[in-house]
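In what follows, a structure is listed as structure tokens, so that the remarks can point back to it.
Number of protein chains: 4
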Amino acid sequence: MNTFGNIFRLTSFGESHGEAVGGVIDGCPPGIEMDMKFIQSELDRRRPGQSRITTSRKESDTVNFLSGIFEGKTTGTPIGFIVRNENPHSSDYENLKDVFRPSHADFTYQQKYGIRDYRGGGRSSARETITRVVAGAIAKLYLKKLNIVFTAYTSQVGGIMLDKDYTEYDFSLIESTPVRCPDPEKAWQMIDLIQEVRAKGDTIGGVVSCVIKGVPVGLGEPVYGKLHAALGAAMLSINAVKGFEYGDGFDVNHRGSEVNDVFFNDNGRITTRTNHSGGIQGGISNGQDIYFRVAFKPVATILMEQQTVDIEGNETIIKARGRHDPCVVPRAVPIVEAMAAITIMDYYLLSKAK
Amino acid sequence: MNTFGNIFRLTSFGESHGEAVGGVIDGCPPGIEMDMKFIQSELDRRRPGQSRITTSRKESDTVNFLSGIFEGKTTGTPIGFIVRNENPHSSDYENLKDVFRPSHADFTYQQKYGIRDYRGGGRSSARETITRVVAGAIAKLYLKKLNIVFTAYTSQVGGIMLDKDYTEYDFSLIESTPVRCPDPEKAWQMIDLIQEVRAKGDTIGGVVSCVIKGVPVGLGEPVYGKLHAALGAAMLSINAVKGFEYGDGFDVNHRGSEVNDVFFNDNGRITTRTNHSGGIQGGISNGQDIYFRVAFKPVATILMEQQTVDIEGNETIIKARGRHDPCVVPRAVPIVEAMAAITIMDYYLLSKAK
Amino acid sequence: MNTFGNIFRLTSFGESHGEAVGGVIDGCPPGIEMDMKFIQSELDRRRPGQSRITTSRKESDTVNFLSGIFEGKTTGTPIGFIVRNENPHSSDYENLKDVFRPSHADFTYQQKYGIRDYRGGGRSSARETITRVVAGAIAKLYLKKLNIVFTAYTSQVGGIMLDKDYTEYDFSLIESTPVRCPDPEKAWQMIDLIQEVRAKGDTIGGVVSCVIKGVPVGLGEPVYGKLHAALGAAMLSINAVKGFEYGDGFDVNHRGSEVNDVFFNDNGRITTRTNHSGGIQGGISNGQDIYFRVAFKPVATILMEQQTVDIEGNETIIKARGRHDPCVVPRAVPIVEAMAAITIMDYYLLSKAK
Amino acid sequence: MNTFGNIFRLTSFGESHGEAVGGVIDGCPPGIEMDMKFIQSELDRRRPGQSRITTSRKESDTVNFLSGIFEGKTTGTPIGFIVRNENPHSSDYENLKDVFRPSHADFTYQQKYGIRDYRGGGRSSARETITRVVAGAIAKLYLKKLNIVFTAYTSQVGGIMLDKDYTEYDFSLIESTPVRCPDPEKAWQMIDLIQEVRAKGDTIGGVVSCVIKGVPVGLGEPVYGKLHAALGAAMLSINAVKGFEYGDGFDVNHRGSEVNDVFFNDNGRITTRTNHSGGIQGGISNGQDIYFRVAFKPVATILMEQQTVDIEGNETIIKARGRHDPCVVPRAVPIVEAMAAITIMDYYLLSKAK
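So the protein sequences, as listed, match chains Y, U, R and D.
All residue numbers for the first sequence refer to the numbering used here, where the first residue is 1 and numbers rise by one.
All residue numbers for the second sequence refer to the numbering used here, where the first residue is 1 and numbers rise by one.
All residue numbers for the third sequence refer to the numbering used here, where the first residue is 1 and numbers rise by one.
All residue numbers for the fourth sequence refer to the numbering used here, where the first residue is 1 and numbers rise by one.
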């Protein structure tokens with residue numbers, strides 16, 4: 001269950017404070033030119049310490065490919081890779097060894113496995129998502145040639161949210177602020193809010209939106225492998241995610257006559273005038289933009305005193321030390337894109353197997 | 001991709017107007033006493049024609065088990081079953097043969113496969129969900145012995161929505177109205193709204209909420225098989241679903257300090273004082289109630305004229321005939337429960353394999 | 001585990017004396033013209049009662065397709081089908097209810113599941129292979145268009161065995177004798193032997209050989225999905241199979257210099273002068289004929305007295321009644337072909353997913 | 001397809017002359033004490049350069065675990081590991097860059113992927129089996145506590161073969177000769193033969209037998225996951241394997257009355273007097289010893305001139321350089337054990353999921 005995908009498959013391993021995190025990408029088509037600069041730039045978007053509003057853990061997050069590449073190209077054999085953990089500060093966690101942090105996975109891992117690596121959250125740490133960004137970057141390299149492009153951005157932090165349709169934003173502005181929101185004014189409000197929250201040792205939730213352009217008609221495997229079910233599972237596997245919706249999502253107070261996407265003939269190409277469906281009908285892509293939204297809870301680690309219980313059931317008080325994100329959303333943007341790219345890659349390859 | 005699950009696996013087949021729909025349940029533990037009355041009662045909750053606010057298609061939806069059962073008990077071998085389609089009215093669809101209904105899967109199936117059974121939506125019809133209700137009923141029979149209980153209900157139709165926490169409702173009222181909402185006053189408002197919408201030939205969306213009580217600590221397979229990711233994929237595979245959230249979900253405008261679920265020792269059992277997490281932490285059940293919400297779009301089939309395009313790209317007008325649900329939500333309640341039961345059953349069995 | 005295949009997947013169900021056996025074929029490409037006559041003719045080759053040297057159980061083995069086919073063609077949706085059990089004679093098994101037949105699965109099923117359908121061997125009966133023949137026939141219909149052809153034949157019964165290379169036999173003679181051996185003289189010796197064995201109430205083992213012509217270069221997924229590993233698993237899943245070898249197989253007393261298959265340029269096509277490899281190198285088809293051999297033990301059911309133990313551990317004597325094959329090999333020929341066709345179909349589709 | 005197993009899963013990566021080979025073991029139960037000395041000793045049994053009759057490539061084959069272990073025990077999270085390639089001598093392969101070695105995977109990889117790492121056989125090299133030995137060693141550590149023990153040995157090299165039943169050999173003698181044959185006299189004949197063959201630059205085939213003691217009744221998942229089918233697929237995935245048989249295997253010239261395994265009550269335990277079945281009935285272990293045999297072809301790399309074709313189709317002569325095994329069988333013994341242990345581990349865990 002540490003494998004994601006059917007044909008294009010990522011298997012990941014690694015704990016936050018172990019020697020390395022890494023993975024194996026299986027089913028990758030041969031002949032992809034490995035643009036190492038691009039792959040590293042994707043990792044840099046996820047990297048801790050990249051701005052004032054993220055954790056200050058210092059990691060270069062340099063990926064080391066061990067197999068599956070020959071003379072700069074993928075060979076079709078599995079791509080093994082590792083990223084070393086360089087700056088763990090495990091001593092920050094000594095006091096958490098026998099205590100369950102509220103809303104963390106400490107308790108459930110301990111109960112399920114009877115043993116856990118408590119340092120930095122161990123396997124439940126979002127550090128694992130490095131491996132997804134690596135696999136996602138390779139998927140993007142392949143899909144770029146098919147003109148399939150992934151764009152995620154922060155659409156909500158706390159109560160500050162974008163209120164316009166995604167088509168009204170200039171995506172080139174996303175990376176211009178550390179919060180990765182395409183509306184500059186809202187972006188700075190979000191940043192201020194995050195800093196205010198951080199100053200109190202607290203954290204805050206948010207939403208990432210994602211748009212995939214260029215997906216051809218026909219991806220998706222009904223009935224249990226519907227494209228949006230696969231995207232949903234991908235997103236829900238990301239740390240701190242609490243919800244997924246695509247197209248109109250939870251905005252259900254509409255009549256069918258209002259939100260049905262009427263077909264028309266657009267110079268020989270059949271498409272829809274509106275896109276309430278979010279680019280997917282019956283679980284299969286219809287050629288329109290795919291868009292969806294992903295909800296993230298506030299990071300559970302707060303630098304405030306909290307009541308809890310230790311491994312023996314004694315009630316106690318904990319206060320986390322160390323370096324943590326006050327809001328996961330800015331760094332989650334490249335992770336959402338990566339999981340979207342892995343999923344579309346997988347379904348693109350699946351769609352050829354017929 | 002017509003198979004759901006890892007250990008407890010449902011493979012389904014069948015089109016809306018074919019001879020039968022059916023399935024195979026593999027990995028079912030031996031020795032389950034098949035309570036046929038219960039299984040049929042679950043099918044009756046999903047059945048068309050059960051009330052004024054559902055489609056009037058007449059189907060007895062009687063399940064015929066063909067294997068895997070001996071002297072009234074499951075044997076551990078695959079359970080094959082069929083449910084005959086008795087009342088298809090295929091002629092209602094003759095005029096839709098070469099036309100793509102807006103927001104239906106007609107277009108995407110045609111493009112993906114180059115051929116489709118247009119009668120009643122073919123494979124994309126929600127008639128397939130019969131098979132899920134059968135498998136879900138068997139899962140419920142097994143899990144009932146472990147005191148795991150599934151309760152779904154309608155929490156929103158159009159703009160009418162429940163506004164209290166699920167713990168404040170009396171679940172025994174759910175089945176007392178045809179809309180399956182535990183608040184009788186809101187229930188009748190919902191029913192009125194559905195009838196008003198139906199009178200216009202239109203349809204409307206809604207939300208189903210689900211609560212699972214009694215799940216033991218430890219179900220869930222991080223990192224890609226998180227329990228909520230599996231539940232999300234299960235729900236998103238149901239026809240017309242557009243979103244899934246668990247715990248606080250998209251309600252992200254909170255501080256970590258407000259929504260962290262603090263642990264305490266409840267007479268020897270470690271549990272949490274609040275349940276913003278929705279019963280799952282780090283992808284693993286924590287022993288609290290699991291709860292989630294599922295968004296359903298308005299049914300795409302409306303009995304009104306709509307613009308569209310035919311298979312050759314000519315623009316045209318269609319108007320659906322026949323018998324359709326004005327709102328899918330009341331009949332979706334047992335389907336949501338069934339998919340939840342299948343998922344929990346699967347993860348319960350998986351959790352033993354260590 | 002009642003599912004075989006990755007992309008082209010057969011899920012089967014059914015017991016020997018239940019209402020029906022059946023299955024679901026998922027991942028079948030759309031647009032295959034269903035030649036029902038051909039499919040039934042394949043079933044007829046497997047059918048009991050087809051000749052003097054098979055069991056006399058009377059079954060028409062008529063397949064009833066329930067889904068996945070529209071206007072005579074596959075639609076890409078799952079193909080559900082059933083074959084009714086018409087002539088079970090369950091009373092023949094009453095005396096075996098609480099007794100374990102030697103070298104049968106009675107004991108292991110009872111121990112594993114704690115319950116079993118003892119009638120006719122229940123799920124462990126070779127009657128399940130009907131479903132494989134159906135799926136195999138559909139695979140053959142698809143692969144025939146790619147000029148991939150499957151030919152299995154009996155190469156050994158007891159001590160009577162073919163001693164020449166498969167290229168020296170006229171395959172058109174295979175179906176001319178009930179034993180399905182292409183050497184008419186040996187065929188009649190085999191038939192005589194089977195009849196002699198049957199007269200004593202005894203049974204005898206044998207070998208089926210199989211040749212697949214026309215497989216393109218490139219099928220196979222190293223390292224754990226090697227084509228011959230998939231073929232081996234397919235064959236070893238057939239009832240009564242005890243061994244699988246391909247190419248030179250167990251004939252290992254050779255030097256590398258003798259048995260290496262030297263490449264040459266055959267008018268522009270690179271191929272090998274010899275075929276000790278059996279058409280597969282490094283787990284991937286090389287364009288040569290694929291050939292392999294499958295060993296079948298004597299049928300365990302003999303009409304003689306045998307010592308055994310009952311369910312309570314008491315030693316006892318049993319003597320089977322009823323209708324049984326004295327040698328499984330003649331009826332296994334179409335089953336071997338079917339499993340080969342399913343496997344090649346699956347790997348052909350997999351090879352396109354890159 | 002670089003993943004093996006259902007619950008206990010090995011995903012491997014790495015080429016012969018890349019930076020490292022490695023893998024991820026997922027689904028490993030928590031709490032296994034990692035006996036590093038034992039694991040390394042298993043790798044040493046497979047290591048090149050261990051004796052006069054193996055290749056002289058110098059590799060320490062030291063395994064570096066990167067995750068999944070905490071304070072000396074497995075944690076239930078994925079175990080990532082790498083083994084560096086220290087002594088590749090890639091220049092030995094420069095002359096093979098554009099040429100297809102007879103009976104190697106060069107041609108098929110080139111045709112399938114359009115690109116290949118030609119150095120040392122790349123991905124098709126048996127160097128990948130290091131990862132299996134690591135996973136197998138961990139499986140053995142777990143299964144040893146259940147008294148399940150794996151013993152493989154060389155039973156044939158060229159024409160020299162053991163002629164007695166496995167029960168008649170003293171397994172403690174296996175590791176006393178470099179050829180790993182429990183009959184000392186035959187062992188030295190085999191060694192002489194291998195040395196004679198090597199002196200000529202040639203290679204020779206052989207057979208490895210394997211016995212698994214202590215497997216409880218009930219492992220195996222009929223009908224497509226029969227235990228022997230899983231073992232067969234495991235063995236056939238090993239480099240150079242051409243055949244698999246269990247129990248009586250290809251020795252089919254027997255009557256059912258001779259080879260049926262009669263049950264008796266052995267002081268309260270039901271078991272069989274003979275074991276022609278090889279410990280498996282109906283695909284499920286019956287508590288008897290499981291035994292099987294695996295055929296290995298002569299190593300394809302010979303140090304003699306061979307005719308072949310280059311990548312452009314020109315006929316040419318090649319002569320391999322470098323360090324190669326004259327007979328793969330002695331080093332295959334621990335690999336056969338490893339794959340058997342991985343398979344039994346996987347099926348043991350699967351058997352608990354019900």
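Quick reminder that beta carbons are idealized off the backbone N, C-alpha and C, glycines included.
Residue state for Thr129/U is assigned as helix, using DSSP reduced to three classes. According to the DSSP secondary-structure assignment, Phe107/R is paired through a beta bridge with no residue. Ala353/Y carries a coil assignment under DSSP once its states are collapsed to helix, strand and coil. Against chain U, a Cβ distance below 8 Å from Ile79/R picks out Phe13.
For Lys37/R, the enclosing alpha helix (DSSP H) covers residues Met36 to Arg46.
At least one CB of chain Y lies nearer than 8 Å to the CB of Pro30/D. Taken in chain order, the complete beta strand (DSSP E) segments of 3 residues or longer contained in the region 127-191 of chain Y are 149-157. Residues of chain Y whose Cβ lies closer than 7 Å to the Cβ of Ser237/U are, in chain order, Val223, Tyr224, Lys226 and Ala229.
For Gly114/D, no Cβ of chain U is located within less than 8 Å of the residue's own Cβ. If you look at Gly232/U, you'll find it in the alpha helix (DSSP H) that goes Leu227 to Leu236. Using a CB distance cut-off of 8 Å, Leu349/U counts as an interface residue toward chain D.
Along the region 206-223 of chain R, going in chain order, the ones with a CB nearer than 7 Å to a CB of chain D are Gly206, Val207, Val217, Gly218, Glu221, Pro222 and Val223. Per DSSP, the unbroken beta strand (DSSP E) holding Val208/R starts and ends at Gly206 to Lys213. Contact between the region 334-347 of chain D and the region 200-213 of chain D is present: three or more C-beta pairs spanning the two stretches fall below 8 Å. From the beta-carbon of Ala353/D, the residues of chain U found nearer than 8 Å are Ile7, Gly27, Leu349, Leu350, Lys352 and Ala353. Take the alpha-carbon of Pro29/Y and the one of Thr74/Y: they are about 7 Å apart. A Cβ-Cβ contact shorter than 8 Å links Tyr224/R with Ser237/D.
Cys327/U places its beta carbon 8 Å or farther from that of Ile130/U. The Cβ atoms of Phe38/R and Leu141/R sit closer than 8 Å to each other. Within 9 Å of the CB of Lys73/Y, the CB atoms of chain D belong to Ile115, in sequence order along the chain. Note on geometry: alpha-carbon atoms of Ser172/D and Asp289/D lie some 17 Å from one another. In chain U, no part has a C-beta under 7 Å from the C-beta of Ser125/R; the shortest such distance is about 11 Å.
Distance from Ser16/Y to Arg127/Y at the Cβ level is roughly 4 Å; contact confirmed, criterion being Cβ atoms closer than 8 Å. The beta carbon of Asn265/D falls within 8 Å of a beta carbon belonging to chain R, placing the residue at that interface. Judged by their CB atoms, Glu86/U and Ser60/U are nearer to each other than the 8 Å cut-off. Close CB contacts of Gly22/D within its chain, under the 8 Å cut and outside five residues either way in sequence, are with Ser12, Phe13, Gly14, Gly80, Phe81, Ile82, Val83 and Thr131 (chain order). If you check each beta-carbon in the region 247-262 of chain R against every beta-carbon of chain D, the ones closer than 9 Å belong to Gly247, Asp248, Gly249, Phe250, Asp251, Val252, Asn253, His254, Arg255, Gly256, Ser257, Glu258, Val259, Asn260, Asp261 and Val262.
Judged by DSSP in its simplified three-state form, Thr343/R adopts helix.
Ranked by how close their Cα comes to the Cα of Arg46/R, the residues Val333/R, Leu231/R and Ile302/R have Val333/R in first place. In the pairwise beta carbon analysis, the region 262-277 of chain Y is classified as touching the region 306-320 of chain U: at least three pairs are separated by under 8 Å.
In this structure, Thr167/D lies away from Val208/D, with their beta-carbon atoms at least 8 Å apart.
For Arg119/Y and Gly120/U, the gap between their C-alpha atoms comes out near 56 Å. Each residue's CA atom was taken as its position, placing Gly322/Y and Ile25/R some 54 Å apart. Taking the Cβ atoms as the reference, Val252/Y lies roughly 18 Å from Gln195/U, outside the contact range of under 8 Å. Of Ala199/U, Glu258/U, Arg52/U and Asp92/U, the smallest CA-CA separation from Ile318/U is found for Asp92/U. A distance below 8 Å separates the beta carbons of Ile302/U and Gly256/Y.
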